[in-house]
Every structure is written in structure tokens, then in C-alpha cells.
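Data first, discussion second: the structure below is written as C-alpha cells.
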Amino acid sequence: MRAGRQPRHRRQRQLRVREGWPDRGRDVRPGRRHRAVCNPTAALLAFGLALDHAGHAALGNALRKAVLDAIADGKSTADVGGKLDTRSFTGVVTDALADALV
């Protein structure tokens, strides 16, 4: 290490803090804690792909169709233009999925 320079891990930590990246142990958005606000769409669509990979293509297709139909009907979370919170959106998707699998 050259004289006058900090070790690499310290410089990276300083860059993260300086650029506004969250430091370890700090909440990214403190006001959002326990408010049921997130992006379940991406998680559910990814889980549909995981079901395909695991050999359950029919179930994966049904899950993706339920998610996309809910969004098309305007029943979605704020990140994709809707007004539902995470629990409500997930409930809509699971109800549609249950109807599709019966």
C-alpha cells in the first residue's frame, strides 16, 4: 500500500456513504418499515420461472397469467400504476391462481 492511501475496503465504504448508498445496518427508507409496500410482481414472476425450471410448467404458467391478468385489470401495486398494497395484490393473485387451478 502506498503512503497516504487508505486500504481499499475503507475507500469503498466511504464511496458508498458519499454517494448515498445505504451503509450496513441502516434502513434504506426508514418511513417504509412495516407498511407492506414493495414490488411483489417481480418476485411472483420470478417464482413462476422457478416453477418452470423445477418441472412444474403448468403451475408456473398459471401463476404468471394470474399476475399479468391482475395488472391488466388494474389491480396492482403503486410501482406498476395501481393502488393496492403488497398484501392486497398478493391476495388478488392467489385468489385468481386458486380459481385457475380448480
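Residue numbers (our numbering): 3 to 104.
Positions of the beta carbon are idealized from the N, C-alpha and C atoms, including for glycine.
This structure is a prediction, so every number in the text was calculated from the model and none was measured.
Determine the closest residue to residue 91 out of 60, 80 and 63, with distance taken between C-alpha atoms.
Closest option to residue 91, Cα to Cα, is 80.
Below 8 Å, is the gap between the Cβ of residue 47 and the nearest heavy atom of the ligand ATP?
By its list of ligands, the structure shown contains no ligand whatsoever, and the ligand ATP lies outside what it can speak to.
Quick check on residue 72: buried or exposed, where buried means 16 or more other Cβ atoms within 10 Å of its Cβ?
Under this definition residue 72 is a buried residue.
Quick one: Cα of residue 99 to Cα of residue 89, how far?
15 Å
Looking at the strands, I want to know which residues DSSP matches up with residue 86.
79
Going by DSSP in three states, residue 41 sits in which element: helix, strand or coil?
coil
Taking the continuous alpha helix (DSSP H) assigned at residue 69, which residues delimit it?
Counting along the chain, the alpha helix (DSSP H) containing residue 69 begins and ends at 59 to 74.
If you draw a straight line from the alpha carbon of residue 42 to that of residue 52, how long is it in whole angstroms?
Residue 42 and residue 52: Cα-Cα distance of roughly 15 Å.
Among residues of its own chain, excluding the 5 on either side of residue 102, which ones have a beta-carbon nearer than 8 Å to its beta-carbon?
64, 67 and 68
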